[in-house]
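Numbering (this note's numbering), first residue to last: 548 to 980.
Quick look at the structure:
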């Protein structure tokens, strides 16, 4: 009997309890397709390969020229989408905190790292119902229904169990599991992970009618890193994501929700292919400036946080001018990147004052954290993280539904999304001066 009561409670949880919006209320669905390149929207095969995105663009707005932030990485960009400000203001200045002793394995998972109001906090203040599925930097966020983006970085806990510890409400994933939305076991990866997240999104959205939904699709980014942006694998990945968007559009069609719903598809950055990987910390190790043992960095005098198209170099003692001169000389001799110093780190290329040298990867190179490999490795792939003003790092934007005009926008920035959504939901988010 006790087990029956528990199962009944869990099976009813999403359907019978918790906050719920109304289908007559205004709502916004913001879907981020990771690595959604702006050039895709201008390609001859756009309508054929991505018919659902093409249909949405014909319904409303399209922009193939959206400038992201610096560094052009997932977590800083996603945070700018929901705050309307640049990383120097919101505080998520990289995907990863600067923790060389752990080989930079941690990420900015937690919402309390964000220093400014977000669409989430504004919606909460207004009493709107919110849903988040794998949106970056949301662990602990004040969302009504949420599966945060997290990944286990060691063997002490699986990723799925780690996420279960931080979903909202506490039984969100467990109740979906009881109803068969979430499988019994395993840690899905690749397309299976995105398919699972999609099932969770559709289940919660259809039951809870949230006013604000934030949904992050992932595999398009990972595929382009592995195979490059022009690969057949990348084309297939975007076609897969287009089919998931099509499911959402079909739900809006069938339930006649376009008059109350705004659907926004956005990207966080573009991509650039490379032929060689740069493992800069191995170069520092060769000079005797840090130690690498068992995959960990120790005793460092200088170290680099690799970020794809950029690298952020810190000295343990920045006041040691003689050592800084040695590092500057070594960096200046390398052909793989351009070296900038603090006086250059302003405006678009802002970096933390603790950054002694900012490195921008040259064509054909990408910074990686693989300290088990040599300094330079022939290994083609794709990256981002560099100067967002370059065309190859521009991302895309499509929107349709309530409050959206039919037009092509020449250019915009990822920060504009926050203010557009704030206006659509009357959240009163202040624009940065």
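For glycine and all other residues, C-beta sits at the position ideal for the given N, C-alpha and C.
Among the options, which has the Cα closest to the Cα of residue i?
i           : options            : result
residue 681 : 766, 871, 948      : 766
residue 499 : 615, 583, 612      : Nothing in the structure corresponds to residue 499, since the chain is present only between 548 and 980.
residue 651 : 923, 858, 972      : 858
residue 911 : 663, 959, 820      : 820
residue 933 : 719, 914, 795, 925 : 914
residue 825 : 852, 815, 835, 597 : 852
residue 609 : 617, 629, 591, 585 : 585
According to the neighbour-count rule (16 or more other Cβ atoms, all chains shown, within 10 Å of its Cβ), is residue i buried or exposed?
i           : result
residue 921 : exposed
residue 674 : exposed
residue 882 : exposed
residue 711 : buried
residue 935 : buried
residue 961 : buried
residue 797 : exposed
residue 895 : exposed
residue 704 : exposed
residue 868 : exposed
Once you ignore the five residues that flank residue i on each side, which residues in its own chain have a CB closer than 6 Å to its CB?
i           : result
residue 735 : 743
residue 905 : 887, 892, 898
residue 762 : 578, 680, 748
residue 715 : 690, 693
Can you tell me which of the three DSSP states residue i falls into?
i           : result
residue 930 : strand
residue 642 : coil
residue 549 : Because the pLDDT at residue 549 is just 36, under 50, the model does not fix this residue reliably, and the value given afterwards should be weighed accordingly. Note: residue 549 maps to helix in three-state DSSP.
residue 968 : helix
residue 830 : helix
residue 738 : helix
residue 955 : strand
residue 867 : coil
residue 792 : helix
residue 618 : coil
residue 655 : coil
residue 855 : strand
residue 554 : Confidence is the limiting factor: at residue 554 the pLDDT is only 37, short of 50, which leaves the residue's position unreliable, though a coordinate-based value still follows. Residue 554 falls in the helix class under three-state DSSP.
Quick one: what's got a C-beta closer than 7 Å to residue i's C-beta in the same chain, skipping five residues either side?
i           : result
residue 686 : 656, 657, 658, 695, 697, 713
residue 880 : none
residue 668 : 689
residue 581 : 621, 763, 764, 765, 767, 768, 815
Thinking residue i and residue j are a contact (beta carbons under 8 Å), I'd like their distance in whole angstroms, please.
i           : j           : result
residue 861 : residue 886 : Going by Cβ atoms, the distance from residue 861 to residue 886 rounds to 14 Å, so no, they are not a contact pair.
residue 974 : residue 769 : Actually they do not touch by this definition, with Cβ atoms about 32 Å apart.
residue 801 : residue 927 : Going by Cβ atoms, the distance from residue 801 to residue 927 rounds to 44 Å, so no, they are not a contact pair.
residue 691 : residue 565 : 7 Å
Leaving out five residues before and five after residue i in sequence, what residues of the same chain have Cβ atoms less than 8 Å from its Cβ?
i           : result
residue 653 : 643, 644, 646, 700
residue 846 : 837, 838
residue 756 : 567, 568, 569, 570, 572, 574, 676
residue 981 : The structure shown has nothing for residue 981, since the chain only spans 548 to 980.
Quick one: is the Cβ of residue i within less than 8 Å of any heavy atom of the ligand FAD?
i           : result
residue 809 : No copy of the ligand FAD appears in this structure; indeed no ligand is present at all.
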